[in-house]
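Each residue of the sequence shown is one higher than the last, beginning at 498 in the numbering used here.
Positions of the beta carbon are idealized from the N, C-alpha and C atoms, including for glycine.
Source: prediction; values computed, not measured.
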Amino acid sequence: MFFQNYFSSLTAHLTNYVSGMTAAVAGALTPIVVAFATMYVMFWGWLHLSGKIEEPVLEGAKRIVTIGVVLSLSLTLWTNHSAFVLAFLNGPSALASAILGGGPPLAAIDFSTI
């Protein structure tokens, strides 16, 4: 019982910490990423005006899709971080219990029943 309470408390604290730090890092990096994306579009416009792009429609569509995907993933991926954190925290024990066919692994360590 002690270990289950301890690990559930630890998981809650780690999830809250990762949530706060991820939001802070994403908030700090958002202006920088948007500035670099703006410079990327300006450089593409310069290439377009100087005639170095052979197929402007196809090249423009690829660049717009690329920058849209990169910005949407990089700026909003932190909102779904809880799924990644829980997968890394609970994944190994869930995989081990599924392979071995047992119950939750922390129930096997419970010394309060002895």
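Report, in whole angstroms, the separation of the C-beta atoms of residue i and residue j, which I expect to be a contact under 8 Å.
i: Thr519; j: Leu586; result: Not really, about 15 Å apart at Cβ, beyond 8 Å.
i: Val566; j: Thr512; result: Contact doesn't hold; Cβ gap of about 28 Å is too wide.
i: His578; j: Ser516; result: 7 Å
i: Ala534; j: Ile564; result: 6 Å
i: Ala521; j: Leu572; result: That belief does not hold up - the Cβ atoms of Ala521 and Leu572 are roughly 14 Å apart, past 8 Å.
Which two residues bound the contiguous alpha helix (DSSP H) that contains residue i?
i: Asn513; result: Phe499 to Leu546
Could you have a look at residue i and say whether DSSP puts it in helix, strand or coil?
i: Gly565; result: helix
i: Glu556; result: helix
i: Ile550; result: coil
i: Gly588; result: helix
Which value, in whole angstroms, describes the spacing of the CA atoms of residue i and residue j?
i: Met536; j: Tyr503; result: 49 Å
i: Trp541; j: Val554; result: 12 Å
i: Ser590; j: Lys559; result: 42 Å
i: Glu551; j: Thr576; result: 39 Å
i: Ala584; j: Leu546; result: 47 Å
i: Leu568; j: Val538; result: 13 Å
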